[in-house]
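Worksheet for the structure shown next.
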Amino acid sequence: AAGVIQSPRHLIKEKRETATLKCYPIPRHDTVYWYQQGPGQDPQFLISFYEKMQSDKGSIPDRFSAQQFSDYHSELNMSSLELGDSALYFCASSRGQTNTEAFFGQGTRLTVV
Amino acid sequence: AQTVTQSQPEMSVQEAETVTLSCTYDTSENNYYLFWYKQPPSRQMILVIRQEAYKQQNATENRFSVNFQKAAKSFSLKISDSQLGDTAMYFCAFMKHREYGGATNKLIFGTGTLLAVQP
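The listed protein sequences correspond, in order, to chains A and B. Take any residue in the first sequence, count from 1 to its spot, add 712: that is its number in the working numbering. In terms of the working numbering, the second sequence has 87 at position 99, counting the first letter as 1, and numbering is strictly consecutive.
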């Protein structure tokens, strides 16, 4: 069965650079969520989208922006990267805004040096 | 604000035995959802079990079951017949019910319990 696809799987960037993370939800899933998991930390909710509109917003820095496109894939854009942005970034998707079952991708590991 | 607390950073269990992972949460909401997620060394987040707060019956999924005590705000996970593949970090998570119905899509996680199943 198709799963949530995240790309790239690994990314190394220098401080002050920009990074773009992509998420391709499971087919027919219209809701996408982004989470950030720092080393040894629990995942923190960043932002979610339903039908290409922002649904909920969490602790997402102003340096980050995200959107969901017409094909339901989502991109997380991160600018002016800081060392503290080094983390595992998860994308999850679900079908319908009220569906509580979210399927997670394998994550993108971002390292800022 | 909602918080989720897992007081056991690490636990160990022998293969085939039973283990219980603890989770407490704090919320003023009456309707919400609770989850247990598993994160093996691959770092993939996998849903183990889910409970709706309005349901009194405890959720069960094969070897996994929960003890949901709404008044005590407690949500423990019991793993029966532990298997080596159960070795993972286990996260308890909370999701608020949206006022006009449905979920908020925003999971609040606890700090996790690292479970090691010993052969």
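The C-beta atom is built at its ideal place from N, Cα and C for all residues, glycine as well.
Query, Result
"Name the DSSP beta bridge partners of Ser719 (chain A), please?", "A:Lys734"
"Going by beta carbon distance, what residues of the same chain come within less than 8 Å of Pro739 (chain A), once the five residues before and after it are set aside?", "Ala714"
"Report all residues from its chain with a CB closer than 6 Å to the CB of Arg728 (chain A); omit the five preceding and five following residues, and keep chain order.", "Ser792"
"In its own chain, which residues sit with a C-beta less than 6 Å from the C-beta of Leu733 (chain A), not counting the 5 before and 5 after it?", "Leu788, Tyr801, Thr820"
"If I follow the unbroken beta strand (DSSP E) through Lys26 (chain B), where does it start and stop?", "20 to 27"
"Pull the bridge partners of Phe815 (chain A) from the DSSP assignment, please.", "A:Ser805"
"Give me the Cα-Cα distance between Gly98 (chain B) and Thr(-9) (chain B), rounded to the nearest whole angstrom.", "8 Å"
"When you compare the CB positions of Gln(-4) (chain B) and Thr101 (chain B), do they come within less than 8 Å of one another, or not?", "yes"
"Whose C-alpha, out of B:Lys94, B:Ile96, B:Ser62, B:Ser68, is nearest the C-alpha of Thr48 (chain B)?", "B:Ser68"
"Assuming Val105 (chain B) and Leu72 (chain B) are in contact, meaning their beta carbons sit under 8 Å apart, how far apart are those beta carbons, in whole angstroms?", "5 Å"
"Could you check which residue in A:Ile724, A:Ser805, A:Thr812 has the C-alpha nearest to that of Phe23 (chain B)?", "A:Thr812"
"Any idea what DSSP makes of Leu103 (chain B), helix, strand or coil?", "strand"
"When you compare each of B:Phe56, B:Thr(-7), B:Val7, B:Thr6 to Glu40 (chain B) by their alpha carbons, which one comes out closest?", "B:Phe56"
"Using three-state DSSP, classify Asp14 (chain B) as helix, strand or coil.", "strand"
"Measuring only from the beta carbon, is Gln(-10) (chain B) closer than 7 Å to any heavy atom that is part of the ligand SAH?", "The model depicted lacks the ligand SAH and carries no ligand whatsoever."
"Do Lys43 (chain B) and Tyr13 (chain B) have their beta-carbon atoms positioned less than 8 Å apart in this structure?", "no"
"In terms of DSSP beta bridges, what is Leu95 (chain B) paired with?", "B:Met83"
"Is Tyr762 (chain A) closer than 8 Å to Ala804 (chain A) when the C-beta atoms are compared?", "no"
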